[in-house]
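Working notes, beginning with the structure itself.
Numbering (the working numbering), first residue to last: 16 to 444.
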């Protein structure tokens, strides 16, 4: 007799897993780019397409600078996080340092290109040389950014940054050397944290003065205090980099099994079913995803509304130190808007299916009801009870009226699913 397969979900082949990641990352990139294009058109309504292309390139260049500084800062932060949780491994150190090093090399290359063609940039690079940055701590760097960098013309800022990135490269090289000496331990956390703070200061400079944010985004920034909003150009560049990394992994996996290497667009077309799934385990259709998102948003609205009522009945206390949270009324308002948009999308999908005929409409209704069933079962688990308990047993166990009602709704949805399956079989016959 053969060995039985391990209980649980079937593990997909590596090539398929990589293809799923490519499909999802390509979709995220394309959707983010569409949003940026909409923002640019809203910002420059009278501009022609040729001008918009040039404007888009300029915003993406700024967004990419911010993305690269973020990648360095976040990679170093991740090493510290893994160390704090005692989850650090040599592989983490290698991956994060490589990511930081590659991002830094890109920044040096970009600033080098401008440096070669700009006399002002060359002069700034000479003026702000290695001696200028030598032994510069975080406080001194912050002061130098405020007093020197922000006051310079744009080309001279490039020379300053080029010189800074070269000095930062020496720091990253030292971290790599320390890693190579003892891969099992995170490289000098104090030095790593100080290096991370330095690149974080440059990231803040990009956010404030060269932030890649369109006029439309500037006009519609939230008025409330909170975490600074990242520009859409940064999001596009970040998703583009993620998509490229995913595609590189896919190509390696394809070569390993001697499979045909498809283009990113071909991979996306072939694996469209997985783009709405976070894990690749369950391939949700767009209408199922919308149903699930709407259910979660409604649950969160209930929780936040209750939290708001509780806060109003409690005397105000001194706020905790740290980032200013987004006020609850603003969060609730945003979620309600999201629910409205999702409901509109669901209605449009149903209308589209109805226009296509009885078979398409029945299939879409079946998807919708299955999503509704999944949400109700999740809701019962959220209430701390099993979704498999019968209504009679639940009543005997003195369950709450809320869960009893949910069970009745679940039974009704189950009956509707049975009716839809029967109707679909009749249509197909």
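Even glycine gets a Cβ: it sits at the ideal position worked out from N, Cα and C.
- With fewer than 16 other Cβ atoms from the protein chains shown falling within 10 Å of its own Cβ, residue 134 counts as exposed.
- In the three-state reduction of the DSSP assignment, residue 442 falls in the helix class, which pools H, G and I.
- Counting C-beta pairs closer than 8 Å gives three or more between the segment 147-154 and the segment 205-220, which meets the contact rule.
- Shown here, residue 54 sits in a helix according to DSSP, grouped into three states.
- If you look at residue 276, you'll find it isn't in any alpha helix (DSSP H); DSSP assigns it neither H nor E.
- Spanning the alpha carbons of residue 438 and residue 429 requires a straight line of approximately 14 Å.
- When the alpha-carbon of residue 88 is set against those of 64, 116 and 370, the nearest one is in 116.
- Taking C-beta atoms as the reference points, residue 157 and residue 216 count as a pair closer than 8 Å.
- Where residue 249 is concerned, the enclosing alpha helix (DSSP H) starts and stops at 247-271.
- For residue 324, the three-state secondary structure derived from DSSP is helix.
- Residue 72 and residue 270 have their C-alpha atoms some 34 Å from each other.
- For the set 314, 385, 306 and 106, the Cα lying nearest the Cα of residue 356 is the one of 306.
- Within the segment 54-117, the alpha helix (DSSP H) runs of at least 4 residues that lie entirely inside it are, in chain order, 64-99.
- The DSSP-derived three-state label of residue 167 is coil.
- Per DSSP, the unbroken alpha helix (DSSP H) holding residue 210 starts and ends at 204-224.
- Put simply, the backbone Cα of residue 131 is about 14 Å away from that of residue 176.
- For the alpha helix (DSSP H) assignment, the uninterrupted runs of no fewer than 4 residues enclosed by the segment 356-403 are, from N- to C-terminal side, 373-397.
- Straight-line spacing of the CA atoms in residue 390 and residue 304 works out to 11 Å.
- Counting the other Cβ atoms within 10 Å of the Cβ of residue 443 gives fewer than 16, which makes it exposed.
- In the structure shown, residue 135 falls within a helical segment according to DSSP collapsed to helix, strand and coil.
- When the beta-carbon positions are compared, residue 282 and residue 44 stay at least 8 Å from each other.
- For residue 435, the closest of 414, 382, 424 and 426 by C-alpha to C-alpha distance is 382.
- DSSP places residue 414 outside both helix and strand once states are collapsed to three, so it counts as coil.
- The beta carbon of residue 400 is closer than 8 Å to those of 409, 414 and 418 in its chain, skipping five residues each way along the sequence.
- In this chain, the alpha helix (DSSP H) harbouring residue 230 covers 230-234.
- Of the candidates 91, 58, 129 and 147, the residue whose Cα lies closest to the Cα of residue 202 is 91.
- The C-beta distance from residue 226 to residue 77 rounds to 7 Å, short enough to meet the 8 Å contact threshold.
- In the structure shown, the three-state DSSP call for residue 244 is coil.
- Membership of residue 143 in any alpha helix (DSSP H) is not indicated, and neither H nor E is assigned to it by DSSP.
- A contact is defined here as three or more CB-CB pairs under 8 Å, and the segment 29-49 meets this definition with respect to the segment 253-270.
- Looking at the backbone, the Cα of residue 169 and that of residue 321 are separated by about 50 Å.
- When 74, 46 and 47 are compared, the shortest CA-CA separation from residue 58 is found for 74.
- Taking the CA atoms as reference points, residue 397 sits about 42 Å from residue 278.
- Across the structure, residue 432 and residue 248 are spaced so that their CA atoms are roughly 44 Å apart.
- For the pair residue 349 and residue 192, the Cα-to-Cα distance works out to about 48 Å.
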